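Every position in the sequence shown, counted from 1, becomes a number in the working numbering once 28 is added.
By construction, the Cβ of each residue, glycine as well, lies at the ideal position given by its N, Cα and C atoms.
Just so it is clear, the structure is predicted and the values come from calculations on it, not from any experiment.
Each remark here refers to the structure printed beneath this line.
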Amino acid sequence: MTREKLTIAFQGALGAYSHQACAEAYPNADAIPFHSFEDALNAVKDGNADLAMMPVQNSTYGRVPDIHRLLPQSGLKIIGEHYVRVRISLMAQKGVPLAQVKTALSHPVLLGQCAAFLNKHGIKPIKGGDTAGSAEDVSKSDDPSQGALASEFAANLYGLDVLARDIEDASNNTTRFLIVSRDYQLPALNGEEMKTTFVFRVRNIPAALYKAMGGFATNGVNMVKLESAMVDGSFTATQFYADIIGHPDEPAVARALEELEYFTTHLEILGVYKSKHPG
């Protein structure tokens, strides 16, 4: 399929933080919303989108479990990462002052993150489906006293006034996203800091995980993420998801991966890409 513009799929409504990530990473691309993570990944697999923007972990709430399950099954590869600082704003219809807002609609997670601000201003939290959907609902509401908690990106999209910015209790709330593609080519070593993501399953022998990890320690390879998940609902089959700093063509990384492979029944590299940092 030939398209004039790059297209990028994401889960959620227009104006969601995932949509913001798409706009920041690829400002000239067309962002396409999908109901579920699986639908967004399938759009890339089927050629209906070029890329997908997938949230993989949040600094406050930890990992996004579905991604660790769906991504290895998708056959897609990671080509990059992007960080979004989760800045929460209170918004309302045009011309409505803060004193007039009596309720705030949003996803329960965001409501919990802004409890101090809402209590201070006597605003009642109301559970909504998601952040961007809540902003859209307020833009269409007949009740001017109803506000929404979402990103300023969503406020601009739905024509709402931002009454207060950065109202979250935790000032360092950040979500890490992975950018995945059907088309993938191993990037060459170019002196930049690279990150390698892979999944593996260890052999059923004593201390297999300990021995598998030893190669990274002895070769001085920094493992920045290691998480486990059950495979096919089994309590005995475990798959591990890992991020390391380095490129598979670097001698130290190559040695560590070779040693890891000896202690595993399955090893798959999901992507090698430029390492970025929250900021």
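Looking only at 223, 143 and 272, the smallest Cα-Cα distance to residue 244 is reached by 272.
Counting along the chain, residue 302 sits inside the beta strand (DSSP E) bounded by residues 292 to 302. Under a 10 Å Cβ-count criterion, residue 168 is classified as exposed, with fewer than 16 other Cβ atoms of the shown protein chains found around its own Cβ.
Under DSSP, the beta-bridge partners assigned to residue 108 are 207. In the three-state reduction of the DSSP assignment, residue 225 falls in the strand class, which pools E and B. By the Cβ rule, the segment 92 to 112 does not count as touching the segment 140 to 160, because fewer than three pairs are nearer than 8 Å.
Per the coordinates, the alpha-carbon of residue 73 lies some 44 Å from the alpha-carbon of residue 151.
Taking all protein chains in view, the Cβ of residue 235 is surrounded by fewer than 16 other Cβ atoms within 10 Å, so the residue is classified as exposed. Among the bridge pairs identified by DSSP, residue 118 is matched with 177 and 192. The segment 174 to 183 and the segment 99 to 119 touch, with three or more beta-carbon pairs separated by less than 8 Å. Around the beta carbon of residue 175, 16 or more other beta carbons sit within 10 angstroms, so the residue counts as buried.
If you draw a 10 Å sphere on the C-beta of residue 68, you find 16 or more other C-beta atoms in it, and that means buried. Per the DSSP secondary-structure output, residue 113 pairs in a beta bridge with 202. The C-beta of residue 231 has fewer than 16 other C-beta atoms within 10 Å across all chains shown, which makes the residue exposed.
Counting only runs that start and end inside the segment 39 to 96, the beta strand (DSSP E) elements of at least 3 residues fall at 58 to 62 and 79 to 86. Within the segment 125 to 151, the beta strand (DSSP E) runs of at least 3 residues that lie entirely inside it are, in chain order, 131 to 134. Per DSSP, the continuous alpha helix (DSSP H) segment holding residue 164 begins and ends at 159 to 168. Distance from the CA of residue 89 to the CA of residue 247, rounded to the nearest whole angstrom, comes to 32 Å.
With respect to the C-alpha of residue 44, the residue from 195, 95 and 138 having the closest C-alpha is 138. Closest in C-alpha terms to residue 198, from the list 170, 113 and 133, comes 113. In the structure shown, residue 213 adopts coil according to DSSP, grouped into three states.
Residue 286 sits in a helix when the DSSP states are folded into three classes. For residue 258, the pairing in a beta bridge is given by DSSP as 266.
A distance below 7 Å separates the beta carbons of residue 62 and residue 37. Contact annotation: residue 284 and residue 249 have beta-carbon atoms nearer than 7 Å.
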